[in-house]
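Undergrad:
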Amino acid sequence: MASMRKRFSSSSVEEDGISLCDSTSFSTFDLTSEEEHPYASLLCCHSIQDSLLSSNSSFTGYRGILNWIIILLVLTHAHLFLENFIQHGFLIDVKKVLGHLIEDNCNWPSVILILAANTFALIALLLERSQEKAMLSLSNAHRLHLTNLGLLVLFPPAVIVHEPAMSTGGAFFSLLFYTILGMKLYSYQETNRWYRLAHLEKEQNGPASQKHHNEHLTFRELYYFLLAPTLCFQRGFPCCPNVRINKLLHRLIEMVVLVQIMVGIVQQAPTHFLWLLFFFLTHSYLNFCAELLRFGDRHFYGDWWNATTLIAFWKNWNIPFQRWCHRHIYTRLVERNVSPSHAELLVFLMSAALCEYMIALPLHSCRLWIFLMMVFELLVAVFLRNYFQGNYGNGLVWLFLLLGPPLAVATYFHDHYVSLRVNRQHRPSQSPPTSERRVFLQLH
1 MASMRKRFSS SSVEEDGISL CDSTSFSTFD LTSEEEHPYA SLLCCHSIQD
51 SLLSSNSSFT GYRGILNWII ILLVLTHAHL FLENFIQHGF LIDVKKVLGH
101 LIEDNCNWPS VILILAANTF ALIALLLERS QEKAMLSLSN AHRLHLTNLG
151 LLVLFPPAVI VHEPAMSTGG AFFSLLFYTI LGMKLYSYQE TNRWYRLAHL
201 EKEQNGPASQ KHHNEHLTFR ELYYFLLAPT LCFQRGFPCC PNVRINKLLH
251 RLIEMVVLVQ IMVGIVQQAP THFLWLLFFF LTHSYLNFCA ELLRFGDRHF
301 YGDWWNATTL IAFWKNWNIP FQRWCHRHIY TRLVERNVSP SHAELLVFLM
351 SAALCEYMIA LPLHSCRLWI FLMMVFELLV AVFLRNYFQG NYGNGLVWLF
401 LLLGPPLAVA TYFHDHYVSL RVNRQHRPSQ SPPTSERRVF LQLH
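Counting along the sequence shown from 1, when you hit position 203 you're at 203 in the UniProt record's numbering, and nothing is skipped either side.
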């Protein structure tokens, strides 16, 4: 027994002295050199370490789990689509969907409204060229720019409110288009003003710099910026050397598949529909546009899913919008001696009002639910950030994301549907119950 004990005693104890092998069960062993005990390495097979999925672990290789979640989501949505198709058949009337988007065969107010937006873009370009030719002073041109932007902001709401032929879908896409255009044109005139002020400070390089400056005020540069997936203007965007056809086709197929899945689950899982729409817009569509235009900066979102506070989520979920707000609003407010905390609050309230505006106006119903929901989330983020940190903070963020925006948007659309039903009941002669008109669904 003594020889066996001597044979299996271990001398491979950890140098720091805190290994699990330093237990009382081995205290009676005679510790000698490792050369005398060839099985010493087999005795100590444990060490102090955390589970990979525990909060104390530094493990970060979760790509397989992400693939697993994606496959589960695809299979779940495919199951919902097949179940709905087997029970009810193909309910989507493509003709009615297209008719809802383009309104009437002879009157397309939303399409005409979007085409009319070119007027504001051309006016902005003409104002910039007039300044370069010394036809307008900086102050007068700035006032005309602000007037042009003011008309751009007021024009689509006036058309949506006073045009009964415009559908809800057409009104939403038109308003989204004009909002993006307004932010782009504001950045366009503001950035060109910064370039111009920098040029005035270096008048000794006048002729060469002026020529180089005029070369950027072209239709091609303006419309490239308007089509690019960014809200902030600069001269000389970073571009990829060529268009990768395989990536372009990949994004195109991805968008087609996502549209099919969204159409299949919109009747049974509207919350999932909103999340897929979010992924479609922020990832698939923006990357498709970037690849088509060879646009290099494709940092459209951060790791918002890992956010431990709602404030961190708001800073990462939409990088182009966040960058525009920081560049053109937050920085300007701080330059005017507004405290950083107050500037952040004003930026947040502006974004909350913009979200309310984007949903309420096309539905012709202003209930302030989205605005109040975002203000409530802000209060929670401020008062509970010291109590919910780490994984608990991330869980709180996901709780608000799953219950907040989808519920507010779904409530708006529910009230819109109820109002449509009430209006139809008051007009029985125009829409009899036996042939009730549906926009997206076809009765069998």
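Ideal placement from N, C-alpha and C gives every residue a C-beta, glycine not left out. This structure is a prediction, so every number in the text was calculated from the model and none was measured.
For Met373, count the other beta carbons within 10 Å of its own beta carbon; 16 or more makes it buried, fewer makes it exposed. Which is it?
TA: buried
Undergrad: Helix, strand or coil, according to DSSP, for Cys239 in the structure here?
TA: strand
Undergrad: Is Phe295 helix, strand or coil by DSSP?
TA: strand
Undergrad: Between Lys211 and Leu127, what straight-line distance do the alpha-carbon atoms span, to the nearest angstrom?
TA: Because the pLDDT of Lys211 is 49, which lies under 50, any placement of that residue in the model is unreliable, and the question is left without a value.
Undergrad: Does DSSP classify Val266 as helix, strand or coil?
TA: coil
Undergrad: Report buried or exposed for Trp194, applying the criterion of at least 16 other Cβ atoms within 10 angstroms of its Cβ.
TA: Exposed is the call here.
Undergrad: Tell me whether the beta-carbon of Ile114 lies closer than 8 Å to the beta-carbon of Phe177.
TA: yes
Undergrad: Is Leu293 closer than 8 Å to Tyr387 when the C-beta atoms are compared?
TA: By the CB criterion at 8 Å, Tyr387 and Leu293 fall outside the cutoff.
Undergrad: Please work out which residues of its chain come closer than 6 Å, Cβ to Cβ, to Pro320, disregarding the five sequence neighbours upstream and downstream, and give them in chain order.
TA: Non-local beta-carbon contacts of Pro320 in its own chain, meaning distances under 6 Å to residues more than five positions away in sequence, involve Thr230, Leu231 in chain order.
Undergrad: Can the beta-carbon of residue 445 be found closer than 8 Å to that of Gly150?
TA: Outside the shown range of the chain, which is 1 to 444, sits residue 445, and nothing can be said about it.
Undergrad: Whose CA, out of Ala158, Thr309, Phe376, Gln131, lies closest to the CA of His199?
TA: Out of Ala158, Thr309, Phe376, Gln131, Gln131 has the C-alpha closest to the C-alpha of His199.
Undergrad: Once DSSP output is grouped into helix, strand and coil, what is the label at Val111?
TA: DSSP places Val111 within a helical segment (H, G or I) once states are collapsed to three.
Undergrad: Would you kindly check if the distance between the Cβ of Trp324 and the Cβ of Ser139 is under 8 Å?
TA: no
Undergrad: Taking buried to mean at least 16 other C-beta atoms within 10 Å of its own C-beta, is Gly64 buried or exposed?
TA: With a 10 Å radius around the Cβ and a threshold of 16 neighbouring Cβ atoms, Gly64 comes out exposed.
Undergrad: Under 8 Å, do Leu276 and Leu252 count as touching if we go by C-beta distance?
TA: No. Outside cutoff.
Undergrad: Once the 5 residues before and after Leu274 are set aside, which same chain residues still bring their CB inside 6 Å of it?
TA: Pro406
Undergrad: With DSSP run on the structure shown, which of helix, strand or coil describes Asn56?
TA: coil
Undergrad: Here's the rule I'm using: 16 or more other beta-carbon atoms within 10 Å means buried, otherwise exposed. How should His145 be labelled?
TA: buried
Undergrad: Hey, out of Ile48, Ile123, Met135, whose CA is closest to Leu152's CA?
TA: Ile123
Undergrad: Classify Val409: buried if its beta carbon has 16 or more other beta carbons within 10 angstroms, exposed otherwise.
TA: Buried: at least 16 other Cβ atoms inside 10 Å.
Undergrad: Is the CB of Arg421 under 8 Å away from at least one CB in chain C?
TA: No chain C appears in this structure, which consists of one protein chain only.
Undergrad: Indicate whether Phe348 and Leu378 have their beta-carbon atoms separated by less than 8 Å.
TA: yes
Undergrad: Using the Cβ count rule (16 or more neighbours within 10 Å means buried), how would you classify Leu249?
TA: exposed
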